[in-house]
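Novice: Everything in the sequence shown is counted per our numbering, starting at 13 for the first residue and increasing by one.
Before I ask anything, let me first share the structure, which is written out below as structure tokens.
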Amino acid sequence: MSAEATGTGGPGASAVTGGPSDAVGTEAFEEALGRAYRFLSSRDRTVAEVRRQLERHGLAEPLIDACVTELVEQRYLDDERFAQRFTEDRRHLDGWGGERIRRRLLELGIAPECAERAASGRATEEELDAAVEVLRRRLRVAPTDQRGRTRALGLLVRRGYDLELAHDAIRRFADEPD
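Written as structure tokens, this is what we have:
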């Protein structure tokens, strides 16, 4: 019986999308895909993270390319989606500012333009409100001396807020009624 009659697509083909070329064997491809699925099972990952993981296992570049292509087609990998979710989580859970988010996305292998879009998706007023909220949670009471203001400024800058915005947030926090 021919490959077309059995629906297997021939040697080296994936049942899902027609899969890897003949240069990449079906067995090796399925094993690489299995490794990638296991790696993705705990949380979303970037394309770069999956590539590095597969490289650590000593897989050949054509095999890695075929595997990543398959995962993108199956929508298991999507750097835009990852960047948006990561940004939302870091802002809401950790109180990170746009600059820290952008730097971390770049470290994770997200393309610079994608990282910039995700990190800058918040209006200045929203970013200011978030910075004031960080101060409320961490300091509870507005700083009254230079040492306290410097400490508050350091807190916000480490969280990735722009220096000017951090100064504005400290002023707003100090002006709030008790």
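Beta carbons are placed, not taken as given, at the ideal position from N, Cα and C, and that holds for glycine.
Identify which residue in 87, 121 and 99 has its Cα closest to the Cα of residue 112.
Specialist: Answer by Cα proximity: 99.
Novice: In the structure shown, what three-state DSSP assignment does residue 135 receive?
Specialist: Correct three-state label for residue 135: coil.
Novice: Since I believe residue 73 is in contact with residue 109 (beta carbons under 8 Å), could you give me their beta-carbon distance rounded to a whole number of angstroms?
Specialist: No, residue 109 and residue 73 are not in contact; Cβ-Cβ is about 37 Å, not under 8 Å.
Novice: For residue 128 and residue 135, I'd like the C-alpha separation in whole angstroms.
Specialist: 14 Å
Novice: Quick one: grab the DSSP three-state call for residue 77.
Specialist: Three-state DSSP puts residue 77 in a helix.
Novice: Taking the straight line between their C-alpha atoms, what separation do you get for residue 75 and residue 42?
Specialist: 10 Å
Novice: Can you tell me whether residue 156 is buried or exposed, with buried defined as 16 or more other CB within 10 angstroms of its CB?
Specialist: So residue 156 counts as exposed.
Novice: Exposed or buried, residue 173, counting other C-beta atoms within 10 Å across all chains shown (16 or more means buried)?
Specialist: buried
Novice: When you compare each of 185, 80, 176 and 123 to residue 144 by their alpha carbons, which one comes out closest?
Specialist: The shortest CA-to-CA distance from residue 144 to any of 185, 80, 176 and 123 is the one to 185.
Novice: Quick check on this structure: which residue in 159, 177, 160 and 154 has the alpha carbon closest to the alpha carbon of residue 189?
Specialist: 154
Novice: Closest by CA to residue 56, which one among 78, 71, 97 and 67?
Specialist: Taking only the C-alpha atoms, the option nearest residue 56 is 97.
Novice: Are residue 181 and residue 121 closer than 8 Å when you measure CB to CB?
Specialist: Not a contact, by the Cβ cut-off of 8 Å.
Novice: Secondary structure at residue 33, three-state DSSP: helix, strand or coil?
Specialist: Caution applies to residue 33, whose pLDDT of 48 falls short of 50 and renders its modelled position unreliable; the value that the coordinates give is listed next. Note: residue 33 maps to coil in three-state DSSP.
Novice: Can you give me the Cβ contacts of residue 151 inside the same chain, cut-off strictly under 7 Å, excluding the 5 residues immediately before and after it?
Specialist: 164
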